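Let me begin by presenting the structure, written as structure tokens, before commenting on it.
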Amino acid sequence: MSGIPDRKEAQVKQLLEGPYPVVPTGLAAGAAARGDRLLRRRRALRRFGWAVLFAAAVAFTVWASLTRPWAGPPSGVSPPLEGW
2 MSGIPDRKEA QVKQLLEGPY PVVPTGLAAG AAARGDRLLR RRRALRRFGW AVLFAAAVAF
62 TVWASLTRPW AGPPSGVSPP LEGW
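The opening residue of the sequence shown carries number 2 in the working numbering; numbering runs sequentially from there.
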């Protein structure tokens, strides 16, 4: 780097040394309200996701208890009849 100051660096120094801009009066309240809305929406989506997951688990349990997929299919051949 040469000893020549960068133009952007000079502009940043000028901004930091100068008067600070005026902040709008409702900025903090608006940001807090927006944050609250985002948190409520996120919380509602999380609850909805858990409810859907729970409903899917219950539906799978009911289906599995009714159809018993772990049991093999019934045999198509009957055992021989003996002793008649």
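Glycine residues also receive a C-beta, built at the ideal position from the N, C-alpha and C atoms.
Remember, it's a predicted structure, so these values are computed and weren't measured experimentally.
Close CB contacts of residue 21 within its chain, under the 7 angstroms cut and outside five residues either way in sequence, are absent.
In the three-state reduction of the DSSP assignment, residue 83 falls in the coil class, being assigned neither a helical nor a strand state.
Secondary structure of residue 72 (DSSP, three-state): coil.
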